[in-house]
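Down below is the structure, laid out as structure tokens.
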Amino acid sequence: MASNILFLPFRRTHNVSLAQAIKQYISTKYDQHPDMFAKDLETIDQLRNGAVHALEPHVSGIRKLQAYAAQLVWMGGKFPIDIGVDFVWYPALGYNTQRPISQNNLRFELANILYNLAAMYSQLAVSSNRSSSDGLKAACNYFCLAAGVISHLKTAIVPEMRSTPPEDMDAMTLESLEHLMLAQAQECFWQKAVKDGLKDASIAKLAAKVSDLYNDAGDWGIKSDSVSSEWIHHMTAKHHHFAAAAQYRAACDCLEKRKYGEEVARLRDSLNCVNEALAEARYVNRAVQSDLNGLKTKVQEDLKRAEKDNDMIYLIPVPPKSELKTLDRASMVAARIPKEVSDPLSFIGDHGELGKPLFSRLVPYSVHVAAGIYAERRDRLVNHTIIDQLESLTSRIQELLRSLGLPGSLQALEKPLGLPPGLVSHAEEIRQQNGMDRLRKAIIDTEKLKNSDRSVYQEGVDLLRSEASEDEQMRRRYGTERWSRPAAHTVNPKLYGQIDTISGYLDQAANSDSLVQTKLKESESLIRLLSGRDRDLEDYVPSSRRAVMPAKVEREASKLRGCLNEVSRLESRRKRKIETLRSKAKADDVNSDLLREAGRLEREYPMQKVEAVQFEDFFDKRLERYNPDKATVGEEQQEQEGIMSHLQEVNAAFVAAKKGDSSSKEREQALQSLENAYLKYKEIISNLDTGRKFYNDLAGIVARFRDDCRNFVYQRRAEASQQESELANAMARLDLQKQNHSREAALRQQKQQENLQPQYQAQ
Numbered sequence: 155m156a157s158n159i160l161f162l163p164f165r166r167t168h169n170v171s172l173a174q175a176i177k178q179y180i181s182t183k184y185d186q187h188p189d190m191f192a193k194d195l196e197t198i199d200q201l202r203n204g205a206v207h208a209l210e211p212h213v214s215g216i217r218k219l220q221a222y223a224a225q226l227v228w229m230g231g232k233f234p235i236d237i238g239v240d241f242v243w244y245p246a247l248g249y250n251t252q253r254p255i256s257q258n259n260l261r262f263e264l265a266n267i268l269y270n271l272a273a274m275y276s277q278l279a280v281s282s283n284r285s286s287s288d289g290l291k292a293a294c295n296y297f298c299l300a301a302g303v304i305s306h307l308k309t310a311i312v313p314e315m316r317s318t319p320p321e322d323m324d325a326m327t328l329e330s331l332e333h334l335m336l337a338q339a340q341e342c343f344w345q346k347a348v349k350d351g352l353k354d355a356s357i358a359k360l361a362a363k364v365s366d367l368y369n370d371a372g373d374w375g376i377k378s379d380s381v382s383s384e385w386i387h388h389m390t391a392k393h394h395h396f397a398a399a400a401q402y403r404a405a406c407d408c409l410e411k412r413k414y415g416e417e418v419a420r421l422r423d424s425l426n427c428v429n430e431a432l433a434e435a436r437y438v439n440r441a442v443q444s445d446l447n448g449l450k451t452k453v454q455e456d457l458k459r460a461e462k463d464n465d466m467i468y469l470i471p472v473p474p475k476s477e478l479k480t481l482d483r484a485s486m487v488a489a490r491i492p493k494e495v496s497d498p499l500s501f502i503g504d505h506g507e508l509g510k511p512l513f514s515r516l517v518p519y520s521v522h523v524a525a526g527i528y529a530e531r532r533d534r535l536v537n538h539t540i541i542d543q544l545e546s547l548t549s550r551i552q553e554l555l556r557s558l559g560l561p562g563s564l565q566a567l568e569k570p571l572g573l574p575p576g577l578v579s580h581a582e583e584i585r586q587q588n589g590m591d592r593l594r595k596a597i598i599d600t601e602k603l604k605n606s607d608r609s610v611y612q613e614g615v616d617l618l619r620s621e622a623s624e625d626e627q628m629r630r631r632y633g634t635e636r637w638s639r640p641a642a643h644t645v646n647p648k649l650y651g652q653i654d655t656i657s658g659y660l661d662q663a664a665n666s667d668s669l670v671q672t673k674l675k676e677s678e679s680l681i682r683l684l685s686g687r688d689r690d691l692e693d694y695v696p697s698s699r700r701a702v703m704p705a706k707v708e709r710e711a712s713k714l715r716g717c718l719n720e721v722s723r724l725e726s727r728r729k730r731k732i733e734t735l736r737s738k739a740k741a742d743d744v745n746s747d748l749l750r751e752a753g754r755l756e757r758e759y760p761m762q763k764v765e766a767v768q769f770e771d772f773f774d775k776r777l778e779r780y781n782p783d784k785a786t787v788g789e790e791q792q793e794q795e796g797i798m799s800h801l802q803e804v805n806a807a808f809v810a811a812k813k814g815d816s817s818s819k820e821r822e823q824a825l826q827s828l829e830n831a832y833l834k835y836k837e838i839i840s841n842l843d844t845g846r847k848f849y850n851d852l853a854g855i856v857a858r859f860r861d862d863c864r865n866f867v868y869q870r871r872a873e874a875s876q877q878e879s880e881l882a883n884a885m886a887r888l889d890l891q892k893q894n895h896s897r898e899a900a901l902r903q904q905k906q907q908e909n910l911q912p913q914y915q916a917q
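Just add 154 to wherever you are in the sequence shown, counting from 1, and you've got the numbering used here.
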């Protein structure tokens, strides 16, 4: 049955599993196991299924759509916008309603759900019984709610999509739809005023506002690519219809006030407006045509009577239209956003009208990001600012010992025969760690990680190069005018910038790996010796020719041994401090405090989404707990400077006391070379651990890079396929036209030749 008002059609979609994507995301990005949220995962799919199938005008559909929309808003604080689901929706308006639009975007999903909520309100308004006062009030209310949802969609949702909105959700289309809903709401109020018998002057003001709203809706609709010409003709007809109705009611008011000349002028203007509306008659439905014809008949009858009375009786001059006072407007409607849409989070809770908040036990996404930022800053502070400086101090003192030939020169005199206890303990430590086998295995593991990272990185690079090559082939095939889309590197410069960045990481790491292998090659023979038998060490270290030290040398050696013991205690204490600091950092779980801070921010700024940047003050305050550890670096440095100065003085005295004695020179050199090899072994182990950690961290970066490349290339190829199909169709049509022209030309030429041939009659 034809209706004199319009409703918004529903948008349609395909069934997708949002739960599966959320489960996958939780398992890869969070420390919590997805099975903890099995009930929530089941519920979110049920909510979506109920919302997308609410396609009949029934009040139960409102709650289904609102509940799912509220959960989408709530989840926006816990998950990224690109959760990993391609939501497919078909446009409801325009000329491409059979061409689906797909986006991996939670905001895109929310926009479509809210659009359907506005459509639900509009269809409930149309299905209301508008022959009664209560039905008209209900219809007016539903249209106002529909306008409110569209307004919220236009101002709050679409701008936050971070992607191009569909054609029927651009600003022009939404403005047109909002004004259309308000126009129809005002029309319902006007109809109720007529039914209730209000004064003609009041009804005229209401009708004038209806006309204005339809005019605005039509103006915006003309600027839109999705509002059909049929709807624009409907809005234009309605604009003129209610302009005519307003003037007719104003004329009735003039008759009551005995303004007979103005009455005639307004009736004439009303008739002109009706005729302008009827110019659209061929494009509008029968219900609108019937309303217009009924109004025209009434206006013509009243105009005929008014002109006759004025000409015969009153003889009052009829003013021109330009002198008529513009009618006042009475706006009785406004776009009303339902609280469930404007503030959905206040309706979800343990006893909330829209259900419990899903995934409430999951750390919010912004908190998850903030936790990652805090962990990075804490690790940088602990590892680079504190531990690296402490280890640098240790390296300096070891470098000094190496330059002084210690402890080899002292060990050679203290134990002229056999192996010194320190060397024996170093050798035992290396043996327990499987020495060279451990180093070789660590190098192989690091090499595997490096090759894996490079392979994943290369896969992403190859995808981009392949897509660029395909795009260039299309450009050469169709020409730059037809194939006019921009090159990939200009569309996504950030992604292409990662190619050089990650390549730089890999090259720098490869240089570090080669340095480690050079270190190992230089010290490999001595490390093998230390990991071998004591007999081999004894054979390598020659015995001293002097068995007894002179008293003066012994006295200086004792002082030097005291200094070396002090250095050993300093290194041991420092090592324990470093281990304690690492344990402290490892136990520094910030999640619970971050959740409390996030709760405080939500209470203080209820309308603002919590972002990681809001935790800066919290980070600074929490990192103050490491200030005492930072202070120990300066204390350690000061203490070490004193020990090193004293060590140099004592060693100088020791060297002077044994000057001229070369009986233990070879033993000193052998012991010192083994001591240096042990230190080099420890250094290589540390380097390999750092390299392995680097490649493990890089694995996440290159995996994200490859996935981004896959998604980008998939999107580009889909665009290329669509564009190629359109070009192929256009060229096929062009070829067909050429063939038709050629065929027509051949037929014309054949007819001309037939006309030129002489006609012979039979004898």
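All C-beta atoms in this analysis are idealised placements derived from N, C-alpha and C, irrespective of residue type, glycine included.
Model, not experiment: these values are computed from the prediction.
Residue i in three-state terms, based on DSSP
{"i": "Ile255", "result": "strand"}
{"i": "Tyr184", "result": "coil"}
{"i": "Phe241", "result": "strand"}
{"i": "Arg166", "result": "strand"}
{"i": "Met486", "result": "coil"}
{"i": "Lys353", "result": "coil"}
{"i": "Gln587", "result": "coil"}
{"i": "Glu601", "result": "helix"}
{"i": "Pro498", "result": "helix"}
{"i": "Gln913", "result": "Because the pLDDT at Gln913 is just 47, under 50, the model does not fix this residue reliably, and the value given afterwards should be weighed accordingly. Three-state result, Gln913: coil."}
{"i": "Ser623", "result": "helix"}
{"i": "Gly716", "result": "helix"}
{"i": "Ile470", "result": "coil"}
{"i": "Met315", "result": "coil"}
{"i": "Gly448", "result": "helix"}
{"i": "Ala208", "result": "coil"}
{"i": "Lys413", "result": "coil"}
{"i": "Val428", "result": "helix"}
{"i": "Asn369", "result": "helix"}
Residue interval of the alpha helix (DSSP H) (run including residue i)
{"i": "Leu684", "result": "Pro647 to Leu684"}
{"i": "Lys475", "result": "Segment: none, Lys475 is in no alpha helix (DSSP H) and carries neither H nor E."}
{"i": "Tyr296", "result": "Ser287 to His306"}
{"i": "Gly215", "result": "Val213 to Met229"}
{"i": "Met274", "result": "Leu260 to Ser281"}
{"i": "Asp379", "result": "First-last for Asp379: undefined, no H or E at that position."}
Among the options, nearest to residue i - alpha-carbon criterion
{"i": "Lys475", "options": "Met335, Leu425 and Leu360", "result": "Leu425"}
{"i": "Ala358", "options": "Ser677, Val856, Phe396 and Ala337", "result": "Phe396"}
{"i": "Phe128", "options": "Leu558, Ala664 and Val645", "result": "Residue 128 is absent from the structure shown; the chain starts at 155 and stops at 917."}
{"i": "Arg459", "options": "Pro498, Cys427, Glu477 and Leu409", "result": "Leu409"}
{"i": "His538", "options": "Leu735, Lys349 and Tyr414", "result": "Leu735"}
{"i": "Lys738", "options": "Asn781, Leu714 and Asn646", "result": "Asn781"}
{"i": "Ala246", "options": "Leu714, Val381 and Ile839", "result": "Val381"}
{"i": "Glu710", "options": "Lys892, Gln345, Ser746 and His800", "result": "His800"}
{"i": "Gln827", "options": "Pro561, Gln200 and Ala886", "result": "Note on identity: in this sequence residue 827 is Ser, with Gln being the wrong assignment. Looking at the Cα atoms, Pro561 is the closest of the given residues."}
{"i": "His212", "options": "Ala279, Ile237 and Asn250", "result": "Ala279"}
{"i": "Tyr414", "options": "Glu778, Arg532, Pro473 and Gly372", "result": "Pro473"}
{"i": "Gln671", "options": "Ala208, Glu314 and Leu842", "result": "Leu842"}
{"i": "Ala173", "options": "Asp370, Phe233 and Leu209", "result": "Phe233"}
Same chain, Cβ closer than 6 angstroms to residue i, five either side skipped, listed in chain order
{"i": "Gln917", "result": "Confidence at Gln917 is low in this model, with a pLDDT of 37, below 50, so its placement is unreliable and the value that follows should be read with caution. There are no such residues."}
{"i": "Ser677", "result": "Ala831 and Lys834"}
{"i": "Ala785", "result": "none"}
Same chain, Cβ closer than 7 angstroms to residue i, neighbours up to 5 away in sequence not counted
{"i": "Ala431", "result": "Ala391, His394, His395, Ala398 and Leu446"}
{"i": "Ala489", "result": "Cys298, Ala301, Gly302, Ser305, Glu332 and Leu336"}
{"i": "Lys353", "result": "none"}
Same chain, Cβ closer than 8 angstroms to residue i, neighbours up to 5 away in sequence not counted
{"i": "Asp607", "result": "Leu660, Tyr849, Leu852, Ala853 and Val856"}
{"i": "Ile797", "result": "Ile551, Cys717, Glu720, Val721 and Leu724"}
{"i": "Arg483", "result": "Lys359, Ala362, Lys363 and Asp366"}
{"i": "Asn745", "result": "Val517, Val521 and Ala525"}
{"i": "Arg846", "result": "Ala596, Asp599, Thr600 and Leu603"}
Minimum length 4: unbroken alpha helix (DSSP H) runs contained in the region 812 to 896: none
Which full runs of the alpha helix (DSSP H) of 4+ residues lie inside the region 740 to 810, going along the chain? 745 to 758 and 770 to 777
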